[in-house]
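J.: Chains as they are written, first to last, in our numbering: chain A, 39 to 273; chain B, 39 to 273.
Quick reminder that beta carbons are idealized off the backbone N, C-alpha and C, glycines included.
Quantities reported herein were computed from a predicted structural model and do not represent experimental measurements.
Quick look at the structure:
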């Protein structure tokens, strides 16, 4: 089986393969928030591309989350901070969510046969599941407005590292090779390694160091969200 | 000044800035061949996107080079092997050239105010020139059919490394940070580092190890090709 890393939603069509499993990655913070939400008992989520769609769900009585450029959009109770999803209010709820990059990546990969949500928070359980499927894997980084970003690539490298450890996966993709190298430089101190990254600087301005530290801590939420029709559900 | 790395021609429009200098990079082998050609006395080159355009130039009496997927196209005397340009036949000539990735990257960046050609063969002279211009720089990797590739990114990392050494350039771009990391892992043995890369494997099948070694040896051709209208000329 092959494992490939796609750096941006824009490039996804070049990586699309009919039977491959796509893992959508937006470490800071959409996919970390989604994994946290399911771990805290959310029943379903509806990722939508636009804020207007999220508002429409809200008008119809759903809980809704909307974030652009790191901030919660006015009129929404939730954004993409994982801490927003750590309370009893979300339990059993269906939540619509629209974010700057993460939900755009889900949108770009809609045609994939299976779409999973990945983050450091569910790293091990995700990798165990992938190895058991014996299928090609495309790691789709959400990036930042269709540009490469470090944190998503480093996480992709962590997955490549684990999946290639037992030789069942082959890497013929230069971006997967590069991601694995970057992860191996970063892994002993992800927080420091990412201190220069553009998105960490962006979040630091918004006083989100606590979010960053949480998003970089592995295996706190052993659940795998998966797309089923228009919904994300727990696998 | 800022320095950014764009991994593919597809993504270039996201990086375009009116006054930035673009450096087009296709280490294996288009930009290595172009730099070699000018070092060996070629007078001008005309990069063209399609093989048909190259053929048209040929019909009009020009020398012409055309390569797709690593091989010279039938009917052309030159491809993108630098060794093809190391002889007296090319001296003083105007040569049209079309390649799988390199000339596509030039095409994508046509609107840039200045387009230079970079490769390990002209690394130092290129960096010295860039530092002296005091302008923003976009390092445009040709990649492989709009996917990220290792060798172009590692070369971009070498340029980032040199340009940031004296603090005159700022890096706010995650792909530039990643490229510099990859270069620093690779620099002591580029040949070995790139041995897993997809393109090296592709070229190894075509028996082009000699080309690879040549393309990875720094500063053999201290010239800087630059676009002037539809022509590449020596700066």
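(1) Assuming the contact rule is C-beta atoms closer than 8 Å, residue 45/A and residue 186/A should be a hit. Round their C-beta distance to whole Å, please.
(2) Can you tell which of 220/A, 179/A, 136/A, 201/A has the C-alpha that lies nearest to the C-alpha of residue 167/A?
(3) Taking only the alpha-carbon atoms, compute the straight-line gap between residue 259/A and residue 77/B and give it to the nearest angstrom.
(4) Compute the distance between the beta-carbons of residue 275/A and residue 40/A, then report whether it is under 9 Å.
(5) With DSSP as the reference, label residue 213/A as helix, strand or coil.
(6) Give the DSSP-derived three-state secondary structure of residue 254/A in the structure shown.
(7) With C-beta atoms as the reference, is residue 195/B less than 9 Å away from residue 69/B?
(8) Could you spell out the range, first to last residue, of the beta strand (DSSP E) harbouring residue 269/B?
(9) Got a sec, what are the start and stop residues for the beta strand (DSSP E) residue 82/B sits in?
(10) Less than 9 Å separating the beta-carbons of residue 118/A and residue 88/A?
(11) At the 9 Å Cβ level, is residue 227/A part of the contact set with chain B, yes or no?
(12) Are the region 147-161 of chain B and the region 246-260 of chain B in contact at 8 Å, needing three or more beta carbon pairs?
(13) Taking all protein chains shown into account, decide if residue 112/B is buried (16 or more other Cβ within 10 angstroms of its Cβ) or exposed.
(14) So, are the CB atoms of residue 264/B and residue 221/B less than 9 Å apart?
(15) Can you tell me whether DSSP reads residue 106/B as helix, strand or coil?
(16) Check the C-beta distance from residue 64/B over to residue 217/B and give it rounded, since I have them as a contact under 8 Å.
(17) Quick check: the Cα distance between residue 82/B and residue 101/B, rounded to an integer number of angstroms?
(18) What residues in the region 219-250 of chain B have a beta carbon less than 7 Å from any beta carbon of chain A?
(19) Spatial neighbours of residue 238/B within its chain, please: C-beta separation below 7 Å, excluding the five flanking residues on both sides.
(20) Counting only Cβ pairs nearer than 7 Å, list the residues of chain B close to residue 210/A.
(21) Anything in chain D within Cβ reach of residue 188/B, meaning under 8 Å, just list it in chain order.
(22) In its own chain, which residues sit with a C-beta less than 8 Å from the C-beta of residue 142/A, not counting the 5 before and 5 after it?
(23) Exposed or buried, what is residue 75/B when buried is set at 16 or more other beta-carbons lying within 10 Å of its beta-carbon?
(24) Please classify residue 246/B: does DSSP put it in a helix, a strand, or coil?
(25) Does chain B have any CB closer than 9 Å to the CB of residue 46/A?
(26) For residue 198/A, report the span of its alpha helix (DSSP H) as first-last.
(27) At a Cβ threshold of 9 Å, is residue 138/B touching chain A?
(28) One question on the structure: do residue 133/B and residue 103/B come within less than 9 Å of each other, judged by their Cβ atoms?
(29) Quick one: residues in its chain with C-beta nearer than 7 Å to the C-beta of residue 214/B, no 5 flanking neighbours on either side, listed in chain order?
(30) Could you tell me which chain A residues have their CB closer than 9 Å to the CB of residue 49/B, listed as they occur along the chain?
(31) List the residues of chain A whose Cβ lies closer than 7 Å to the Cβ of residue 191/B, in chain order.
(32) What is the rounded straight-line gap between the Cα of residue 219/B and the Cα of residue 228/B?
(33) From what residue to what residue does the beta strand (DSSP E) around residue 134/A run?
(34) Compare the C-beta of residue 53/A with all C-beta atoms of chain B and state if any pair is closer than 9 Å.
(35) Leaving aside the five residues before and after residue 109/B along the sequence, list all residues of the same chain whose C-beta is less than 8 Å from its C-beta, in chain order.
T.: The relevant details are as follows:
(1) 5 Å
(2) 201/A
(3) 58 Å
(4) Given a span of 39 to 273 for chain A in the structure shown, any question on residue 275/A remains unanswerable.
(5) helix
(6) coil
(7) no
(8) 269-272
(9) 82-85
(10) no
(11) no
(12) yes
(13) exposed
(14) no
(15) strand
(16) Wrong, their Cβ atoms sit about 15 Å apart, outside the cutoff.
(17) 11 Å
(18) 219, 220, 223, 234, 235, 236
(19) 232, 250
(20) 236
(21) Here chain D cannot be found, since the structure's protein chains are A and B.
(22) 47, 87, 180
(23) buried
(24) coil
(25) yes
(26) 188-202
(27) no
(28) yes
(29) 41, 42, 43, 198
(30) 45, 46, 48, 49, 184, 185, 186
(31) 216
(32) 13 Å
(33) 132-136
(34) yes
(35) 117, 244
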